[in-house]
Amino acid sequence: MKKFFSMWLIVILYIGINSGFLSIIAQASDDDGSSFTYKVIQPENQHNKEVGYFDLRMTPDQEQTVIIKMNNSSDKEITVNVSLNSAKTNTNGVIEYGPSKLEKDKSLKYDFADLVKGDTTVKIPAKQSVDYPLTIKMPATQFDGVISGGIYMIQKGQTEDQEAMIKNEYGYLVGMILTETDIAIKPSLQLNKVFAEQQNYRNAVFINYSNTQQAYIDNMTVDVQIMAKGSDEVLYDTKQNKMRMAPNSQINFPVLMNGEKMVAGDYRAHVLVTTDNDGRWEWEQEFTITDEEADKFNQEDVSLLQESRVNWPLILILVAGALSMVLGIFFVVHFLNRKKKRAKKRRKGMKPRKKRAE
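Heads up: the sequence shown begins at 1 in UniProt numbering, then just goes up one per residue.
Quick look at the structure:
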């Protein structure tokens, strides 16, 4: 039954995405129905001039203002909301440059949002363009590696599809990378904790670890097995590749329990992380799932709720009753037909014979 529900969930998601029922944030799309567009004005210290984001070569204690030109193609004044965000890593190993509730890692020494400042709202008159300034103030101490973040821009009060009751909002992300040297920094991963939680209302074990250096991690593969303490039998496992991590960020990597009940007890996690350039980290970590955690998450797991709502004994009784009824009707009809045929044959055998003429 779990496979059955999973199959239907995938079908529903597929139909939803292809039918346009799921709203997706667009990044720098020219055909999105929004009257707001932008252009990055690259300064002289743009390190890589072939990219569409800011890649700036800076110096210690430097102050600089860079410009994003914002355009309004509509006949009315529009307001654009702007947020400045440090780069983080989500559970899928995708780097987030926009607003998020992801926690900052304790290794983050220079926060992008503290170094780069700009207005949170911008008004653009009808059929006009404005320059949006971003002020950068670099740390006084020189550093190697990367400081990275993103500028997220979204037009306020976008239109709503009244028929479908779907609100389509289109936002834009502009990345910014700040460097001072070309010295390559080797990533360093640190395991923080292993704990029970939920991923999209499904029971899971999370592996939390950090990239503690000012360097991106590319092509990361994570392989995890969960076992009971003192046992080598793998209870849950997962492997995911082609992941990334932002500099000085952490990831909560989930190992789903695949619709099974969470059981309290002592467990052991084996974690292997590999990256490009022969990066390899391997950890063994014991952890405990308490009775309170197991009870709480089992009550909230949507897979278990679906199973619990199905009254299998009642369904089996109804199916058995229906089959018995069908078979009973079949045998009654069959018996009556046979009886009818026999009666017909008897009537034919009892017809009087004609007397011969004397």
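The beta carbon of each residue, even a glycine, is placed where N, CA and C say it ideally should be.
Assign residue i to one of three DSSP states: helix, strand, or coil.
i	result
Arg338	helix
Leu304	helix
Lys117	strand
Val332	helix
Ser129	strand
Ile136	strand
Asp266	strand
Ile317	helix
Leu108	coil
Glu63	strand
Phe287	strand
Ala184	coil
Glu260	coil
Lys296	helix
Arg323	Here the sequence assigns Leu to residue 323, which means Arg is not the residue at that position. Three-state DSSP puts Leu323 in a helix.
Let me check understanding here. Comparing Cα to Cα, which of the options lies closest to residue i?
i	options	result
Lys39	Leu108, Pro133, Met220, Ala126	Pro133
Phe36	Asp61, Ser73, Pro60	Ser73
Met138	Phe112, Thr121, Tyr152	Phe112
Ser83	Gln155, Asp232, Arg280	Gln155
Gln142	Val319, Arg57, Gln64	Arg57
Met227	Ser148, Ala264, Asn92	Ala264
Phe297	Thr274, Arg280, Glu260, Lys101	Glu260
Phe287	Tyr267, Thr120, Leu272	Tyr267
Asp61	Glu233, Asn92, Tyr110	Tyr110
Met220	Lys193, Ser231, Phe253, Val205	Phe253
Met257	Val222, Asp301, Val194	Asp301
My assumption, with CB atoms under 8 Å, is that residue i sits in contact with residue j. Please give the rounded CB distance.
i	j	result
Ala196	Glu292	Not confirmed; about 10 Å, so no contact.
Asp276	Asp182	Contact doesn't hold; Cβ gap of about 18 Å is too wide.
Asn123	Glu77	Reading the sequence as shown, one finds Lys at residue 123 and not Asn. Indeed, because the Cβ distance is near 6 Å, the residues count as touching under 8 Å.
Tyr209	Leu191	5 Å
Ile207	Val224	6 Å
Gly150	Gly98	6 Å
Ser188	Gln213	5 Å
Glu96	Lys104	Not really, about 12 Å apart at Cβ, beyond 8 Å.
Pro247	Ser148	6 Å
Gln64	Asp55	Rounded, the Cβ-Cβ distance is 13 Å, inconsistent with contact.
Within 8 Å: the Cβ of residue i and any heavy atom of the ligand HEM?
i	result
Ile207	The model on display carries no ligand, and the ligand HEM is accordingly not part of it.
Suppose you measure from the CA of residue i to the CA of residue j; what does that come to, to the nearest Å?
i	j	result
residue 365	Ile68	The structure shown does not extend to residue 365, since the chain spans only 1 to 358, so no value can be given for it.
Lys127	Val80	15 Å
Leu235	Gly145	40 Å
Trp283	Ala269	8 Å
Val94	Tyr152	17 Å
Asp31	Val326	Per-residue confidence for Asp31 stands at a pLDDT of 44, beneath the threshold of 50, marking its modelled position as unreliable; no derived number is given.
Glu44	Thr274	37 Å
Lys340	Val332	12 Å
Leu108	Val255	26 Å
Asn136	Gly230	Reading the sequence as shown, one finds Ile at residue 136 and not Asn. Approximately 53 Å between the Cα atoms of the pair.
Gly175	Asp75	29 Å
Thr120	Asn92	29 Å
residue 360	Glu180	Lying outside 1 to 358, the shown extent of the chain, residue 360 is not represented and no answer is given.
Ile17	Asn337	Bear in mind that a pLDDT of 38 at Ile17, under 50, signals an unreliable position, so the model cannot answer this.
Asp131	Leu304	53 Å
Next on the checklist: Below 8 Å, how does it come out for the region 240-247 and the region 169-180: are there three or more Cβ pairs, yes or no?
Outcome noted: Cβ pair count under 8 Å is below three, so no.
Item to check | Contact between the region 53-70 and the region 195-211 (3+ Cβ pairs under 8 Å) | outcome: Segments in contact, no.
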